[in-house]
Amino acid sequence: MKITQKLLMNAMIVLVLLGFVGWMSIEALKETRQSSDEMYEQRIEPMQDLNQMVRLAENAQVNMLTAVTYEDPSYIEVVSENFSKIETHMTNFESAILTEEEAELFKKAKANWIRFERVVNNHMVMIEAGDYETSRDELMNIGMFYESLSDYLEQLMDMNQAAVTDLYSDTQTVFHNSKWMIYIVVAVAAIFSLVTSTILGRSITVPLKVVTKRMKAMATGDLTQQPLFKKRRDEIGELSRQMAVMQRDVTAVIYDIKETAKGVMDQINVLTTSSLQVKEGSEQIAETMTELSSGAENQAQHAQELNESMERFLVAVNDMTHETTASTKEAETVIDLTAKGADSMEQSVKQMQAVEKVVRAAVVGVEELNTETEKITKLVDVIQSIAEQTNLLALNAAIEAARAGEHGKGFAVVADEVRKLAEEVSSSIHQITTITETIQSETQTVTTGLKRGYREVETGSAQINETKAIFLNMDQAYHRVSRSLQQVADQLLSLENGTINMQQSIEEVASLTEQSAAGVEETAASSEEAVQSMSQITTVGLELTTLSKELTDKVNRFKLS
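According to UniProt numbering, the sequence shown is numbered sequentially starting from 1.
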C-alpha cells in the first residue's frame, strides 16, 4: 500500500472518531435542551401561573378591604378583572398537571377557589347595594377562604419546585454522563491515533534510515551495494529502485569520465607545447610593432603639436582681423563724430558771437540806465531842497499868522496845509531816494556781472575757436588712421587665407600619421592579445592538467563492481 494511502486511511479513521465525538456531543446537547424545554414548559410556566393566581387573589382581597373601608365601589371593577385573570391561569395550570397528587391537590384548591369567589361575589353585591355594615361583618370569611386557597396554591408551588429540582438534577446527570462519554471517546481516539501514527511512522522512518545509510555509502564512493526493498510497492520501494538506477548510471558516468580524463590529459600536453611556441613568435611580433607604434606616435604627436600651433596662430590672426575691422569701423564712427563736433563748434562760435553782441548791448543799456538814475537822484535832491524850503516858509507863515491874531487864522490854516504837504513831499522824496539808491546799487551789480560775463564770453569764444581747430586736426588724423587700418585688415585677411591652407595640409599629414599609428597599435595590440591568449591557454592547459589529475584521483576513489 502506498504511503499516501496509509496516511489517508489514518486521517479517515481520526476523522471518523472525531465525527463520532461530535455526534455524541450533539446528542448530549439535544438531550440537555429537551430536558430544559420540558422543565420550562411543564414546571416553570405552571409555577408562574400559580404565582400569578396567588398575587391576583391577594390583590382581590386587598381591593375588597379597600372598597369596604373607604366605601368606594370603584375597586370592585379591579376585583372582577383579577378573577377573570385567575380563571385563565387556573385553566393553563390544569392543562399542565402531570401527577395524580398534583391533580388531587389542585382539585381541592379549585373547590376552595369556588367558595372564595362566591363569598367575594356576595360582598361585591352588598357593596354595590351600599350595605357596607353587613359587608364588614363578613370580611372574616373572605380572609379565611383566602388563607385556605393560598395554602393549597403554596403546596402546589412546593410540588412544582421539587419537580424542577428533580428535573435539574436529571439534566446535570445527563450532562455529566455525556461529558465523561466524550472524554472516554476522545481519549480512545487519541490513543488510537497515537498508535496508528507510531506504526505508520516506523513503517516509513525505518526504511528511510536504511535508504539514508545506503546513500551515505554511495556518497563515500561505494557503488558496489545491492538494491534494497525490491518487493515493496510503495514510495520507499520506488525510491530504492530509482536509487539502484542512479547507482548504475553513476557507475557508467565514472567509467566515461576516466576515459575522457585520460584523453584530455594527452590533448592538453600537445596544446601546451603548441601554445608555448606560438607565444614566443607573438612576443617577437609584439616587440617590433611596439617600436613602429612608438615612432608613429611621435610623428603624429609632432604633427598634432604643429597643427595646434597653427590653430592658435590662425585664431590670433582671426582675432587681429576682427579687431582691425572693428577699429576701422570705430575710426569711421569717430570721423563722423569729429565732423559733427566741428559743425557744432562752428554753430557755438556763431552763438557766442551773438551772445557777445547781446551782452555788449546790455552793458551799454545798463550804463545808460545808471546815468539816468543819477539824473533822477539829482532831481530828487532839488525837490528835497524845495520841500525843505517850503516847510521853512510854512513855519514862518504860521509864526506870522500867530502874530496877526484873529485876522491870521485863515492864513495859519493854509500855512499848516502847506507844511503838511511839504512833509509828505519830503517823505515821498525819501522813499524815492531809497528806491533810486537801490536801483543804482542793483544796476552797478548788473553792470559788474555783465562785464564779467562779457569777458567770459570773449574767453569762451577764443576756446571754442581753439577747439574747432583741434577737431579739424583730429578729423584729418582719423582719416589717415582709417586708411592705415584698412590696409592692415587686407594684409591680415591674405595671411589668414594662407594660414588656413597650411593648416589643412598639416591636418592631412597628421590624419595620415594617426591612421598609420592606429594601424600599428592595432597590430601591436593584436600581437599582445595573442601573447596574452597564448599565456592564458598555457595557464589553462596547466590548470586543466591539474584538474584532470584531481578528477582522476576523485574518480579513482569510487568502488566499481
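Glycine included, C-beta positions come from ideal geometry on N, C-alpha and C.
Bear in mind that the values here come from a model prediction, so they are computed numbers and not experimental data.
Host alpha helix (DSSP H) of residue i (start-end)
i	result
D72	No alpha helix (DSSP H) holds D72; DSSP gives it neither H nor E.
I44	Note, I44: premise wrong, no alpha helix (DSSP H); not H, not E.
T134	Y132 to D137
Inter-residue CB distance, residue i and residue j (contact presumed, cutoff 8 Å)
i	j	result
M47	Q161	7 Å
I76	E128	7 Å
V119	F145	6 Å
H123	M64	6 Å
R419	N396	Going by Cβ atoms, the distance from R419 to N396 rounds to 10 Å, so no, they are not a contact pair.
R136	V68	6 Å
V14	S193	5 Å
F20	V185	6 Å
T196	N10	5 Å
Y152	K85	Actually they do not touch by this definition, with Cβ atoms about 18 Å apart.
N92	D158	Not really, about 19 Å apart at Cβ, beyond 8 Å.
F106	I97	6 Å
G74	N112	The sequence given here has Ser at residue 74, not Gly. Not a contact, Cβ separation roughly 28 Å.
residue 571	A189	Here the chain comprises residues numbered 1 to 561, so residue 571 is not present and cannot be evaluated.
V211	S240	6 Å
L156	E102	7 Å
I383	I429	5 Å
Residue i - DSSP class collapsed to helix/strand/coil
i	result
R118	helix
A57	helix
I97	coil
T251	helix
T371	helix
T459	helix
I13	helix
T545	helix
T220	coil
R202	helix
R452	helix
V509	The predicted model places V509 with a pLDDT of 48, which falls under 50 and marks its position as unreliable, so this point remains unresolved.
R233	coil
L292	Here the model assigns L292 a pLDDT of 49, short of 50, so the residue's position is not dependable and the matter cannot be decided.
D166	helix
L18	helix
M140	helix
E550	helix
Interface flag, residue i vs chain B, CB-CB below 8 Å
i	result
M157	Absent here is chain B; the protein component of the structure consists of one chain.
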